[in-house]
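> Those protein sequence lines, which keep their order, are chains G and S.
Heads up, the first sequence is in UniProt numbering, so the first residue is 1 and it goes up one at a time.
Heads up, the second sequence is in UniProt numbering, so the first residue is 1 and it goes up one at a time.
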Amino acid sequence: MLLECHQVRKVFGDNVILDGLSLDVGEHEVVALIGASGSGKSTLLRCVNLLTEIDDGTIHLDGDEITDPRADPDQVRQRIGLVFQSYNLFPHMTVLDNITLAPVRVHKKPLTEARDQARQWLDRVGLADKAGSYPDRLSGGQQQRVAIVRALVNNPRLLLLDEVTSALDPELVGEVLTMIRDLKGEGMTMVLATHEMGFAKQVADRVAFLDGGKVLEQGPPEQVLGDPVEARTRQFLARIIEAGRL
Amino acid sequence: MKHQPSTRQLERIAYRRGRAIRSVLLAAASTAVVGTLLAVGITGAPGWDRVKQSFFDPDAAVKYLPEILEGLWLNLKLLVVCATLALTLGLIIAVLRTLRGPVFFPVRALATGYTYSFRGLPLIIVIYLFAFGIPGLRLNGTPDVLWLGAAAIIVTYGAYLAEVFRAGIESVHPSQISAARSLGLSYPQAMRHVVLPQAVRRVSPPLLNDTVALQKDVGLISLAGPIDAIRAAQIGVAQDANFTPYIVAGVLFVLLALPLIGVTDWVTLRAARRQNAGT
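Take a look at the structure:
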């Protein structure tokens with residue numbers, strides 16, 4: 001297993017967000033996390049990236065326990081990419097500088113090499129002409145694609161995507177989803193929290209429904225989204241269908 | 001095809017132009033009235049002739065101008081040194097105050113104590129303490145009074161500038177640090193490459209404004225003895241019992257501040273424009 005979350009617990013004050021959650025992700029696997037707002041999808045991703053400290057349990061990446069207090073979080077994060085709902089590009093840097101920051105400062109790559117690599121990526125995702133632009137000149141979809149490239153140039157073992165299309169106008173969602181679909185084709189291991197059930201169905205190998213701080217139900221998308229076993233999952237999906245999003 | 005404005009639009013344009021002309025005329029008239037009243041009020045005052053003689057005497061101005069200019073050169077050098085060092089000190093203190101974790105408690109406490117006490121302490125008292133107190137210890141290698149005075153200015157302004165920098169650092173959204181850390185950058189790297197550049201850009205108008213204040217407070221060093229522009233003017237005043245040298249020094253200080261004020265306004269305007277463009 002590439003990622004093993006075992007009995008993970010996270011509490012904010014009196015609020016139990018993750019209550020002994022366990023989830024395994026195999027290499028080249030794409031897992032979609034679904035569930036109501038506040039069900040702990042984003043918290044789980046932040047815990048895996050060590051941006052949030054867990055209160056109990058263990059998380060292993062490639063067999064190493066990353067929640068060991070002696071593990072160096074900076075080294076762990078170099079193996080995991082995280083893309084945020086609100087892009088979080090650095091507004092004072094050009095697109096190119098956003099992408100080359102980590103390769104140059106963290107991985108000590110020569111600047112010219114890092115720039116060449118960044119340009120190749122931008123070319124691939126159709127943003128070659130935006131290399132010198134500042135983020136505020138880009139549309140939301142373009143910004144999010146740059147954010148994904150920024151995570152990918154570090155060659156992560158695992159890519160975490162936290163509701164990456166939730167802040168986008170509907171007509172811009174497609175370009176980001178296409179990019180994620182391409183990444184799946186290349187065998188990238190991904191865990192994505194999403195509200196796009198249709199997309200989860202298309203791209204995920206497995207869908208996990210989070211409820212009450214646990215994975216209540218998981219399995220192939222057709223089964224979890226089409227014929228769920230648990231009553232809570234059915235209720236959730238009924239609300240989604242009501243909202244016209246499945 | 002060129003757009004032909006409708007009659008209604010032409011009416012609107014004509015009306016607005018009329019209003020604009022009216023406001024310009026009104027502004028000119030009111031400025032003239034206020035100016036005249038001021039001039040009449042001051043020059044018509046019973047003591048005007050004596051004030052004119054003792055504050056605006058052209059001969060005294062010419063006589064002491066070279067000395068005052070020489071003193072101003074010292075002010076200018078001091079300004080550059082004090083501004084550079086105070087900005088550096090302020091930045092370091094501000095960064096120290098953001099450090100988390102129990103290990104850094106003493107550092108944080110010291111930095112906080114420093115900003116609290118030196119923002120409250122009047123600059124004049126700090127100058128006296130440094131320039132007369134430290135030599136009083138009779139330690140070997142005590143620097144010149146000029147340097148001690150400069151140190152007093154740096155330490156006092158460093159405390160103000162630290163708070164400005166800190167406000168800037170805190171205004172950068174935590175998600176920016178999350179993004180930087182998620183890419184594998186360490187905390188110092190995230191600070192250096194992501195937080196500080198944005199923070200400094202945001203607070204550059206107030207930082208420059210404090211530098212304008214610093215440029216005139218540099219004159220307070222005359223209290224410690226060095227002959228700067230104010231001290232030179234004071235000597236002139238004492239010799240001829242005429243206040244004109246002060247006016248000369250004052251005008252020179254304003255002239256010295258003008259370029260800096262201009263830069264401040266320009267930077268503020270640019271920052272506001274960037275802010276409005278959205279993030």
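All residues carry an ideal CB built from backbone N, CA and C; glycine is no exception.
Got a sec: is the Cβ-Cβ distance from Arg-119 (chain G) to anything in chain S below 8 Å?
Numbered from its first residue, the first sequence carries residue 119 (chain G) at position 119. No, Arg-119 (chain G) does not count as interfacial toward chain S.
> Measure the CB-CB distance between Gln-218 (chain G) and Glu-163 (chain G) and report whether it falls below 8 Å.
Locating residue 218 (chain G) in the first sequence gives position 218, counting from the first residue. Locating residue 163 (chain G) in the first sequence gives position 163, counting from the first residue. No.
> Using a Cβ cut-off of 8 Å (strictly closer), state whether Asn-49 (chain G) contacts chain S.
The residue given as residue 49 (chain G) occupies position 49 in the first sequence. By this cut-off, Asn-49 (chain G) is an interface position.
> Nearest to Thr-156 (chain S) by CA position, among S:Phe-104, S:Ala-167, S:Val-103, S:Cys-82, is which residue?
As a first step, residue 156 (chain S) is located in the second sequence; it is residue number 156 there, counting from the start. It is S:Cys-82 whose Cα lies nearest to the Cα of Thr-156 (chain S).
> Comparing C-alpha positions only, which one of G:Gly-212, G:Lys-201, G:Ile-240, G:Gly-244 sits nearest to Val-224 (chain G)?
What you label residue 224 (chain G) is simply residue 224 of the first sequence in a count that begins at 1. Nearest option by C-alpha distance: G:Lys-201.
> Mind pulling the chain G residues with CB within less than 8 Å of Ala-167 (chain S)?
Your numbering for residue 167 (chain S) matches position 167 in the second sequence. Residues of chain G passing the Cβ test: none, with the nearest at roughly 17 Å.
> What is the C-beta distance between Val-237 (chain S) and Pro-245 (chain S), in whole angstroms, given that I count them as a contact (C-beta under 8 Å)?
Position 237 of the second sequence holds residue 237 (chain S). Position 245 of the second sequence holds residue 245 (chain S). Indeed they touch by this definition, with Cβ atoms about 5 Å apart.
> Look up Ser-54 (chain S) in the DSSP assignment and say whether it is helix, strand or coil.
Residue 54 (chain S) sits at position 54 when you count from the first residue of the second sequence. In the structure shown, Ser-54 (chain S) sits in a helix (DSSP, three-state: H, G or I).
> Return helix, strand or coil for Val-153 (chain G), following the three-state DSSP convention.
Position 153 of the first sequence, counting from 1, holds the residue named residue 153 (chain G). Val-153 (chain G): coil per DSSP, three-state reduction.
> Who are the Cβ neighbours of Arg-108 (chain S) in its own chain at under 8 Å, not counting the five residues just before and after it?
Walking along the second sequence from the start, residue 108 (chain S) turns up at place 108. Excluding positions up to five away in sequence, the list reads Leu-96, Arg-97, Leu-99.
> Just the C-alpha distance for Leu-122 (chain G) and Ile-221 (chain S), rounded to the nearest angstrom, thanks.
Mapped onto the first sequence, residue 122 (chain G) falls at position 122. Mapped onto the second sequence, residue 221 (chain S) falls at position 221. Answer to the nearest angstrom: the Cα atoms are 57 Å apart.
> I believe Leu-33 (chain G) touches Leu-158 (chain G) by the beta-carbon criterion, under 8 Å. Please report the beta-carbon distance rounded to the nearest angstrom.
What you label residue 33 (chain G) is simply residue 33 of the first sequence in a count that begins at 1. What you label residue 158 (chain G) is simply residue 158 of the first sequence in a count that begins at 1. Not a contact, Cβ separation roughly 14 Å.
> Would you mind listing the alpha helix (DSSP H) stretches within the stretch 69 to 120 of chain S that are 4+ residues and don't spill past its ends, in chain order?
Here the runs fully enclosed are 105 to 120.
> Can you confirm whether the stretch 173 to 182 of chain G touches the stretch 136 to 149 of chain G when touching is taken to mean that 3 or more C-beta pairs between the two stretches lie within less than 8 Å?
The stretch 136 to 149 of chain G vs the stretch 173 to 182 of chain G: in contact.
> Is the CB of Ala-271 (chain S) under 8 Å away from at least one CB in chain G?
On the second sequence, residue 271 (chain S) is found 271 positions in, with the first residue counted as 1. Chain G, which has no Cβ nearer than 8 Å to the Cβ of Ala-271 (chain S), makes this no.
> Should Arg-100 (chain S) be flagged as near chain G, meaning a C-beta pair shorter than 8 Å?
The residue given as residue 100 (chain S) occupies position 100 in the second sequence. It does not: the Cβ of Arg-100 (chain S) has no partner Cβ on chain G nearer than 8 Å.
> Does any residue of chain G have a CB that is nearer than 8 Å to the CB of Gln-239 (chain S)?
The residue given as residue 239 (chain S) occupies position 239 in the second sequence. Taking Cβ atoms only, chain G never reaches closer than 8 Å to Gln-239 (chain S), which makes this a no.
> Rounded to a whole number of angstroms, what is the C-alpha to C-alpha distance between Leu-172 (chain G) and Val-195 (chain S)?
Your numbering for residue 172 (chain G) matches position 172 in the first sequence. Your numbering for residue 195 (chain S) matches position 195 in the second sequence. Roughly 29 Å separates the two Cα atoms.
> Counting only beta-carbon separations shorter than 8 Å, does Leu-159 (chain G) have a partner in chain S?
Looking up residue 159 (chain G) in the first sequence gives position 159. With 8 Å as the cut-off, Leu-159 (chain G) does not count as an interface residue toward chain S.
> Is there a C-beta anywhere in chain S that falls below 8 Å from the one on Ala-102 (chain G)?
Here residue 102 (chain G) refers to the residue found at position 102 when the first sequence is read from its first residue. Taking Cβ atoms only, chain S reaches closer than 8 Å to Ala-102 (chain G), which makes this a yes.
> In chain order, what residues of the stretch 176 to 188 of chain S put their CB closer than 7 Å to some CB of chain G?
The residues in question are Gln-176, Ser-178, Ala-179, Arg-181, Ser-182, Leu-183, Gly-184, Leu-185, Ser-186.
> Please determine if the stretch 199 to 218 of chain S and the stretch 155 to 175 of chain S are in contact, where contact requires at least 3 C-beta pairs separated by less than 8 Å.
Yes, they touch.
> Name the residue from S:Leu-72, S:Asp-265, S:Ala-32 whose alpha carbon lies nearest to the alpha carbon of Ser-204 (chain S).
For the purposes of this step, residue 204 (chain S) is taken as the residue at position 204 of the second sequence. Closest by alpha carbon: S:Asp-265.
> Let me know if Ala-233 (chain S) comes out buried or exposed under the rule of 16 or more other beta-carbons within 10 Å of its beta-carbon.
The residue you call residue 233 (chain S) lines up with position 233 of the second sequence. Buried, since its Cβ has 16 or more Cβ neighbours within 10 Å.
> Determine the DSSP secondary structure at Arg-16 (chain S), reduced to helix, strand or coil.
What you label residue 16 (chain S) is simply residue 16 of the second sequence in a count that begins at 1. Residue state, collapsed to three classes: helix.
> How would you call Ile-66 (chain G), buried or exposed, if buried means at least 16 neighbouring beta carbons within 10 angstroms?
As a first step, residue 66 (chain G) must be located in the first sequence, where it is residue number 66. So Ile-66 (chain G) ends up on the buried side.
> Would you mind stating whether Leu-111 (chain G) and Asn-98 (chain G) have Cβ atoms separated by less than 8 Å?
For this step, residue 111 (chain G) is matched to residue 111 along the first sequence. For this step, residue 98 (chain G) is matched to residue 98 along the first sequence. No. Outside cutoff.
> State the beta-bridge partners of Gln-218 (chain G) as determined by DSSP.
Residue numbering aside, residue 218 (chain G) sits at position 218 when the first sequence is read from its first letter. In the DSSP output, where bridge partners are listed per residue, Gln-218 (chain G) has G:Ala-208.
> Does DSSP classify Phe-90 (chain G) as helix, strand or coil?
Translated into positions along the first sequence, residue 90 (chain G) becomes position 90. Coil at Phe-90 (chain G), not helix or strand.
> Please state whether the Cβ-Cβ distance between Leu-101 (chain G) and Leu-252 (chain S) is less than 8 Å.
The residue labelled residue 101 (chain G) in the question sits at position 101 within the first sequence. The residue labelled residue 252 (chain S) in the question sits at position 252 within the second sequence. No. Outside cutoff.
> Going by other Cβ atoms of all chains shown within 10 Å of its Cβ, with 16 needed for buried, is Tyr-15 (chain S) buried or exposed?
For the purposes of this step, residue 15 (chain S) is taken as the residue at position 15 of the second sequence. Exposed, because fewer than 16 other Cβ atoms sit within 10 Å of the Cβ of Tyr-15 (chain S).
> Taking a Cβ distance cut-off of 8 Å, strictly less, list which residues of the stretch 188 to 201 of chain S are near chain G, in chain order.
Result list: Gln-189, His-193, Val-194, Pro-197, Gln-198, Arg-201.
> Any C-beta of chain S sitting closer than 8 Å to the C-beta of Pro-69 (chain G)?
In the first sequence, counting from the first residue as 1, residue 69 (chain G) sits at position 69. Not an interface residue.
> Less than 8 Å between the beta carbons of residue 247 (chain G) and Val-215 (chain G), yes or no?
Because chain G here runs from 1 to 246, residue 247 (chain G) falls outside it and cannot be looked at.
> Which of helix, strand or coil does DSSP assign to His-193 (chain S)?
As a first step, residue 193 (chain S) is located in the second sequence; it is residue number 193 there, counting from the start. Here His-193 (chain S) sits in helix by DSSP.
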